[in-house]
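K.L.:
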Amino acid sequence: MEQRKLTRRQMLRVLVAGSGAAALAACGAQAPATGPAPTTAPGGGEAQAPTTAPATAAPTVVSQTGSTVNITYWGSFSGGLGEAEQAMVQRFNEAQNEVKVEYQFQGSYEETAQKFTAALQANVIPDVILLSDVWWFGFYVAGAIAELDGLAQQAAVDFADYEPVLLNEGVRQGKHFWIPFARSTPLFYYNKQLWAEAGLPDRAPETWAEFSEWAPKLVVKEGDKLTRAAFLHPNGASYIAWLFQGVTWQHGGQYSLPDFTMTMTDANTVRAAQFYQDTARKLGWATLVQELNKDFIGGVGAAMLASTGGLAGITRDAPFKVGVGFLPRETSFGCCTGGAGLAIPSGTPDEKKLAAMKYIAFATNPEQAGIWSRSTGYMPVRISTKQSPEMQAFFTENPNFKTAVEQLPLTRAQDAARVFVRNGDQIIGKGLERIIVNGEAPATVFADVNQELSTAAAPILEDLKAVEG
Amino acid sequence: MASLQKPARPISPRERREWLLFILLLGPNLLLFTIFTYWPLLYNVYLSFVRWNFLRPQKPFVWFDNYRSVFSSALFWEIVLNTLTFTVWSVGLTLVLGLALALLLNQPLRQRNAARAVLFSPVVMSGAVVAVVWSYIFDPRYGLIDQLLGLLGLNSPNWLGSTAWAMPAVIIVYVWKNLGYAVVIYLAGLQGIPRELYDAALVDGAGPWARFRHVTLPGLSPVAFFLSVTSILATFQAFDIIKVLTDGGPVNATTTLIFYLYELGFVTYDAGKAGVIAVVLFVIMLVLTLIQLRYLERRVSYG
Chain A
1 MEQRKLTRRQ MLRVLVAGSG AAALAACGAQ APATGPAPTT APGGGEAQAP
51 TTAPATAAPT VVSQTGSTVN ITYWGSFSGG LGEAEQAMVQ RFNEAQNEVK
101 VEYQFQGSYE ETAQKFTAAL QANVIPDVIL LSDVWWFGFY VAGAIAELDG
151 LAQQAAVDFA DYEPVLLNEG VRQGKHFWIP FARSTPLFYY NKQLWAEAGL
201 PDRAPETWAE FSEWAPKLVV KEGDKLTRAA FLHPNGASYI AWLFQGVTWQ
251 HGGQYSLPDF TMTMTDANTV RAAQFYQDTA RKLGWATLVQ ELNKDFIGGV
301 GAAMLASTGG LAGITRDAPF KVGVGFLPRE TSFGCCTGGA GLAIPSGTPD
351 EKKLAAMKYI AFATNPEQAG IWSRSTGYMP VRISTKQSPE MQAFFTENPN
401 FKTAVEQLPL TRAQDAARVF VRNGDQIIGK GLERIIVNGE APATVFADVN
451 QELSTAAAPI LEDLKAVEG
Chain B
1001 MASLQKPARP ISPRERREWL LFILLLGPNL LLFTIFTYWP LLYNVYLSFV
1051 RWNFLRPQKP FVWFDNYRSV FSSALFWEIV LNTLTFTVWS VGLTLVLGLA
1101 LALLLNQPLR QRNAARAVLF SPVVMSGAVV AVVWSYIFDP RYGLIDQLLG
1151 LLGLNSPNWL GSTAWAMPAV IIVYVWKNLG YAVVIYLAGL QGIPRELYDA
1201 ALVDGAGPWA RFRHVTLPGL SPVAFFLSVT SILATFQAFD IIKVLTDGGP
1251 VNATTTLIFY LYELGFVTYD AGKAGVIAVV LFVIMLVLTL IQLRYLERRV
1301 SYG
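The listed protein sequences correspond, in order, to chains A and B. Per this note's numbering, the very first residue in the first sequence carries number 1; after that it's consecutive. Per this note's numbering, the very first residue in the second sequence carries number 1001; after that it's consecutive.
#1: Please report the straight-line C-alpha distance between K465 of chain A and A215 of chain A, rounded to a whole angstrom.
#2: So is S1073 of chain B buried or exposed if we call it buried at 16+ other beta carbons inside 10 Å?
#3: If A303 of chain A and A230 of chain A are in contact, beta carbons under 8 Å, what's the gap, nearest whole angstrom?
#4: Comparing alpha-carbon positions, which option in B:V1080, B:I1023, B:F1049 lies nearest D1270 of chain B?
#5: When the Cα atoms are used, what is the spatial distance from A273 of chain A to T444 of chain A?
#6: Taking a Cβ distance cut-off of 9 Å, strictly less, list which residues of the region 125-149 of chain A are near chain B, in chain order.
#7: Just to confirm my understanding: we take Y255 of chain A, look at its own chain, exclude 5 residues before and 5 after, and list those with CB closer than 6 Å. What are they?
#8: Do you know offhand how far A458 of chain A's Cα is from F420 of chain A's?
#9: For Q106 of chain A, does the three-state DSSP call read helix, strand or coil?
#10: Do I1232 of chain B and V1123 of chain B have their C-beta atoms within less than 8 Å of each other?
#11: Between which two residues does the beta strand (DSSP E) carrying F188 of chain A extend?
#12: Report the residue ranges of all alpha helix (DSSP H) runs contained in full by the region 363-406 of chain A; include only those spanning at least 4 residues, in chain order.
#13: Identify every run of the alpha helix (DSSP H) within the region 246-308 of chain A, keeping only runs that are complete inside it and at least 4 residues long; order them along the chain.
#14: Between H251 of chain A and E330 of chain A, how many whole angstroms is the CB-CB distance? I'm expecting something under 8 Å.
#15: If you scan the region 120-192 of chain A from start to end, which runs of the beta strand (DSSP E) of 3 or more residues do you find wholly inside it?
#16: Do you know offhand how far G313 of chain A's Cα is from T376 of chain A's?
#17: Quickly, what does DSSP pair T72 of chain A with across the bridge? List them, please.
#18: For E110 of chain A and S384 of chain A, what's the separation of their Cα atoms in angstroms?
#19: So, G1127 of chain B versus L1179 of chain B, is the Cβ gap smaller than 8 Å?
#20: Quick test of the definition: if touching needs 3 or more C-beta pairs under 8 Å, does the region 187-195 of chain A touch the region 345-361 of chain A?
#21: Of the residues A:E197, A:F159, A:A144, which one's Cα is nearest the Cα of V124 of chain A?
#22: Between the region 278-312 of chain A and chain B, which residues of the former have CB atoms less than 9 Å from a CB of the latter, in chain order?
#23: In chain order, what residues of the region 1046-1065 of chain B put their CB closer than 8 Å to some CB of chain A?
#24: Look up E222 of chain A in the DSSP assignment and say whether it is helix, strand or coil.
#25: Could you tell me whether the Cβ atoms of P186 of chain A and L167 of chain A are closer together than 8 Å?
#26: Compare the C-beta of N450 of chain A against all C-beta atoms of chain B and say whether one is closer than 8 Å.
#27: Starting from the C-beta of L1093 of chain B, find all residues in its chain whose C-beta is less than 6 Å away, skip the five residues before and the five after it, and write them out in chain order.
#28: Drop a sphere of 10 angstroms on the beta-carbon of N1053 of chain B, count the other beta-carbons inside from all chains shown, and report buried for 16 or more, exposed for fewer.
#29: Is DSSP giving A229 of chain A helix, strand or coil here?
#30: Can you list the residues of chain E that D1204 of chain B reaches, using a CB-CB cut of under 9 Å?
#31: Does chain A have any CB closer than 8 Å to the CB of F1266 of chain B?
#32: Taking just the CA atoms, how far does D425 of chain A sit from I1079 of chain B?
#33: Between which two residues does the alpha helix (DSSP H) containing V1129 of chain B stretch?
#34: So, for P399 of chain A: in the same chain, excluding its five sequence neighbours on each side, which residues have a beta-carbon less than 7 Å away from its beta-carbon?
#35: Taking one C-beta from the region 282-295 of chain A and one from the region 213-228 of chain A each time, how about it: are there three or more such pairs within less than 8 Å?
#36: In this structure, does DSSP put R1141 of chain B in helix, strand or coil?
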């Protein structure tokens, strides 16, 4: 009895230490049971990587059956876009037998980047990866994605036929790292039915001033409650900072200079934010929603700025006719590019790198780029695609798609603050939420944002100097 | 572990066998704990002292820089306040509503078991699914709550779109999902109170309120204590509902410590500051666990 009691007390002591630690571990350890939260392991990437990576990663060994090279492709598309993506992979696998691609869905752009980070720690990496406009650069400065020029040459990729505005975004010091694939621009979407009911001309407004005149006719109110807005803003998580990028340019402002000097406190940038705030508060015809596309389709608002990448889906799902147009002007026109491109991890073995490049070459060849564009709404990334008879016929049938392509030459790459500063997109997005949702003064909020962006940019600049000199 | 190796008396073969068995039984668990709990725990403490973005090969040691920058930011304290608000309201409502429902379900009602099952069902649902469903219920334009308030002639607040209402929304969903657990534990506690005590109280002329006040409540106190500690620990770890329902927003209105940890670690990729938050959470939970253990030990010695 004596002995047992002693053991038990000691056991308890061990348990004290154990349960304390377990309490912490539980933050992460319990998460997988509840769904999409395995990324919370507090131990950091190293601790987390082994627990999440094996479930999604491909076999690391070079598994060659005959002369076929098997490669893994990590992507972020689900729903209709995911089906188009799967179809692309299937066409590639059926068209040749040197390379076999396995497509693995990894969640949103953010989740894909998170998993890639974890995969790099665990050394279990994919061979081709889809990275969004705000993520590829971080992996570039970390040396995690490979330079593609030599491979492109071997795979006979003709860079001259790619849309230069899109291709050049993925070029650093004359070398290609990020090949445009699912590239988009914002468009002005409007609900044709509500437009007609309000007696408006069937086109997008040319200027924000014009839209401010139209908006009151589109609004429906019950008392002081806005039951239908003229215009919808997304929240920070749905990339309001991307859609607002063009609006700042239209007002003569910008997020930052190319040398990473932040310009959020620039009078014109603040003026653009003041306009966004007024739409929701002083003018009262816009509202910020959690699910932009869903609420537009549901008729919660009559218009929005949204990605071309949603065009096919929105056109299909909306119970009304959808119109699109160029972004409205203010003092000037301004519209940025966006979306995702393909990259190859540096750590991928050489024979797989070439196989991966062959897939990238296929997915962005003039014919496939056309199929992808027609089934999704993303830009055709090849110049020759636009001129192809299939594409021309498609434009005639679907003039909305043509609008997006016509706007493309007027677009430019985004400011460094959003795409090169880690989390810059969310820093700006949260600032805009404070301005629109809380009604805080734009100048005050953007002063904070400016400070936060500058702090976040410092380590990137350091890394960049190390990589590019 | 060191204390295990020095018993007061010389070791007899019998004791040696018992020790061997003890270590044999403990070993596998201890090994797993070491690999998956203790090592990550220590490694996390190390991370809180370095500057690292998960990608760079080098991790410069920065001493207390991460701690300084976390503790000096207004956002951190705002998030601590959010966490307290969330915890106090969630735990408070769970304990009070749970007790009320448990008392109700302890009555000889018809369909009592069916009612208990219904009440418990949210506990076993996936938090992500619950959050998606509630995001529809909260919609200020076509949501169920808007419809119900409309019957009373009231406008629905913009639950998930306003910094004032987002936290109440998260608390409502969280309490709704976890209430069933508290009810089940309370019910077990109620059934553990000896009938004789009620009989004795009746004989002494105690009314329903006096019986509740002097018999039920004291009888339930250990259960309530257990529930409060486990609920506090659980709310500190609540992530799924927040992630899906509000994503920590709008602005930072529903960002709690655990969500901030996720954001710093896996959105901002700042392993050092995320490590600091993890250490803060660890200390809070360790203290809570020690309090609970102390209390339980005392209970055991009284028993």
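Note that beta-carbon positions come from the ideal geometry of N, C-alpha and C, so glycine has one too. Just so you know, these numbers come straight off a predicted model, no measurement behind them.
P.N.:
So, from the data block:
#1: Going by C-alpha positions, K465 of chain A is about 48 Å away from A215 of chain A.
#2: Residue burial annotation: S1073 of chain B is exposed, with fewer than 16 other C-beta atoms found within 10 angstroms of its C-beta.
#3: The Cβ separation is near 6 Å, so the contact holds.
#4: The candidate whose alpha carbon is nearest that of D1270 of chain B is B:F1049.
#5: Rounded to whole angstroms, the separation of the alpha carbons of T444 of chain A and A273 of chain A is 11 Å.
#6: Answer in chain order: G138, F139, V141, A142, G143, A144.
#7: Take Y255 of chain A, set aside five residues on each side of it, and the residues of its chain with a beta-carbon closer than 6 Å to its own are D415, A417, R418, in chain order.
#8: Straight across, the Cα-Cα distance linking A458 of chain A with F420 of chain A is about 11 Å.
#9: Correct three-state label for Q106 of chain A: coil.
#10: It is not a contact, given that the beta carbons lie outside the stated cut-off.
#11: Here the beta strand (DSSP E) through F188 of chain A covers 186-191.
#12: Uninterrupted alpha helix (DSSP H) stretches at least 4 residues long and entirely within the region 363-406 of chain A occur at 366-376, 383-387, 389-397, given in chain order.
#13: As for any alpha helix (DSSP H) of minimum length 4 sitting wholly inside the region 246-308 of chain A, the runs are 267-280, 292-297, ordered along the chain.
#14: Confirmed, about 5 Å.
#15: Taken in chain order, the unbroken stretches of beta strand (DSSP E) that lie wholly in the region 120-192 of chain A and span 3 residues or more are 128-132, 179-184, 186-191.
#16: Within the model, the alpha-carbon separation for G313 of chain A versus T376 of chain A is close to 7 Å.
#17: Its beta-bridge partners are A:E102.
#18: E110 of chain A and S384 of chain A: Cα-Cα distance of roughly 32 Å.
#19: Result no, Cβ atoms of G1127 of chain B and L1179 of chain B do not sit closer than 8 Å.
#20: No, the region 187-195 of chain A does not touch the region 345-361 of chain A.
#21: Closest by alpha carbon: A:A144.
#22: Within the region 278-312 of chain A, those residues whose Cβ lies closer than 9 Å to any Cβ of chain B are, in chain order, T287, L288, V289, Q290, E291, D295, G298, V300.
#23: Result list: L1047, R1051, N1053, F1054, L1055, R1056.
#24: Note: E222 of chain A maps to strand in three-state DSSP.
#25: Cβ distance not < 8 Å, so P186 of chain A and L167 of chain A don't count as in contact.
#26: No - not a single Cβ of chain B is within 8 Å of the one on N450 of chain A.
#27: Within its own chain, the residues whose Cβ lies closer than 6 Å to the Cβ of L1093 of chain B, once the five positions on either side in sequence are excluded, are V1175, listed in chain order.
#28: By the neighbour-count rule (16 or more Cβ atoms within 10 Å), N1053 of chain B is buried.
#29: Three-state result, A229 of chain A: strand.
#30: Annotation note: the requested chain E is absent from the structure, which comprises protein chains A and B.
#31: Yes - at least one Cβ of chain A is within 8 Å of the one on F1266 of chain B.
#32: Cα to Cα, I1079 of chain B sits roughly 21 Å from D425 of chain A.
#33: First-last of the alpha helix (DSSP H) with V1129 of chain B: 1127-1137.
#34: None.
#35: Counting Cβ pairs under 8 Å, three or more are found: they touch.
#36: Of the three classes helix, strand and coil, the one that applies to R1141 of chain B here is coil, per DSSP.
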